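In this note's numbering, the protein residues as written are 53 to 356. Okay, so here's the structure we're looking at.
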């Protein structure tokens with residue numbers, strides 16, 4: 053296997069990805085490398101909701117340069133396909149400059165988009181999505197699942213009847229003629245990457261992670277996340293920016309829902325981690341020495 057040229061860190065919200073990335077940067081510099089972090093987070097690309105998305109932590113880190121953080125206005129739409137183009141450009145430019153990219157993310161699809169050559173299908177016209185989302189609100193996800201099963205049973209079989217976002221996306225792909233049965237294994241789950249990559253998944257004890265989530269949300273609220281969300285709403289935040297966890301609950305002054313939604317999202321992130329091919333899982337509860345963890349992560353790049 054070729055020596056890795058890219059490090060990728062994946063983990064759930066509040067696990068401590070930024071802290072580990074900064075420690076990885078220190079370890080790389082100590083070995084003579086020039087690291088640069090590249091965010092693979094679906095929401096951290098937006099300016100105006102940095103507190104809500106945790107992007108401010110990355111922006112405030114002086115020890116490690118971060119890219120693709122707060123680079124788009126909050127009223128723009130960013131698809132996985134557009135993000136892939138941005139991430140590929142950043143990774144390729146870093147490698148061409150002799151730097152070591154450290155891709156950091158908690159959004160599984162965006163991480164795969166950054167690391168692989170996935171074929172990203174085009175977004176549907178806004179009116180198609182708006183109509184399907186109205187149907188979703190009026191009829192419920194089970195009705196949309198039945199609709200999908202009638203036109204593409206093979207696609208419906210792989211989607212839970214209450215998976216709202218995937219149902220809408222799959223139906224819109226059907227309407228624009230981009231929904232086709234897969235030919236062979238899904239590229240999403242292959243172990244092929246654009247560049248040799250060391251992929252590490254970060255986890256913690258469940259109770260510890262739950263406590264960290266609550267502390268993180270407390271800190272966000274104290275830092276003015278609710279005011280930030282209201283300002284983004286007034287600025288015409290796009291439909292994708294509004295998917296940031298806590299956006300809609302904070303507009304409704306529902307902090308409890310924000311906590312519940314975040315915990316549910318963490319479960320989905322951990323499900324993604326179990327599916328990621330070639331991932332090495334490191335438990336930060338069992339090994340809390342971040343610098344020691346970082347040394348283990350960078351070892352294949354700097355030894356041998």
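Quick reminder that beta carbons are idealized off the backbone N, C-alpha and C, glycines included. Owing to the predicted nature of the structure, the values given are computational and were not obtained by experimental measurement.
Query	Result
What number of angstroms, rounded off, separates the C-alpha of residue 262 from the C-alpha of residue 201?	37 Å
Counting along the chain, where does the beta strand (DSSP E) carrying residue 90 start and finish?	87–91
Taking 8 Å as the threshold (C-beta atoms), are residue 90 and residue 180 in contact?	no
Mind checking whether residue 325 and residue 318 have CB atoms under 8 Å apart?	no
Would you give the residue range spanned by the alpha helix (DSSP H) that residue 269 belongs to?	258–274
First and last residue of the alpha helix (DSSP H) that includes residue 194?	193–203
Could you check if residue 121 is buried or exposed, using at least 16 other CB atoms within 10 Å of its CB as the buried criterion?	buried
If you follow the beta strand (DSSP E) that residue 250 is in, where does it begin and where does it stop?	249–255
Taking the alpha carbon of residue 105 as the reference point, which residue from 273, 354, 205, 348 has its own alpha carbon closest?	273
Give me the residue from 56, 141, 72, 302 with the minimum Cα distance to residue 109.	72
When we look at the beta-carbon of residue 34 and count the other beta-carbons within 10 Å, is it buried (16 or more) or exposed?	This structure leaves residue 34 out entirely; the chain is present only between 53 and 356.
Spell out the partners DSSP gives residue 62 in its beta bridges.	157, 253
With a CB to CB cut of under 8 Å and the five nearest residues on each side skipped, what residues in its chain are close to residue 267?	66
With which residues is residue 335 paired in a DSSP beta bridge?	255
Cutting at 7 Å between CB atoms, please list the residues of its own chain near residue 249, excluding the five before and the five after it.	56, 58, 60, 167
Which whole-angstrom value describes the C-beta separation of residue 165 and residue 139, a residue pair presumed to lie in contact below a C-beta threshold of 8 Å?	7 Å
Are the segment 197–212 and the segment 144–163 touching, with three or more C-beta to C-beta distances below 8 Å?	no
Run through DSSP, which three-state label would residue 138 get?	helix
Specify, as a first and last residue, the run of the alpha helix (DSSP H) that residue 308 falls within.	307–327
Using DSSP bridges, identify the partner residues of residue 119.	90
Among 151, 128, 129, which residue has its Cα nearest to the Cα of residue 119?	151
Taking residue 115 and residue 78 to be in contact with their CB atoms under 8 Å, please state how far apart those CB atoms are, rounded to whole angstroms.	7 Å
Under the three-state reduction of DSSP, which class applies to residue 167: helix, strand or coil?	helix
Does DSSP put residue 105 in a helix, in a strand, or in coil?	helix
Compare the C-beta of residue 248 with all C-beta atoms of chain D and state if any pair is closer than 8 Å.	No chain D appears in this structure, which consists of one protein chain only.
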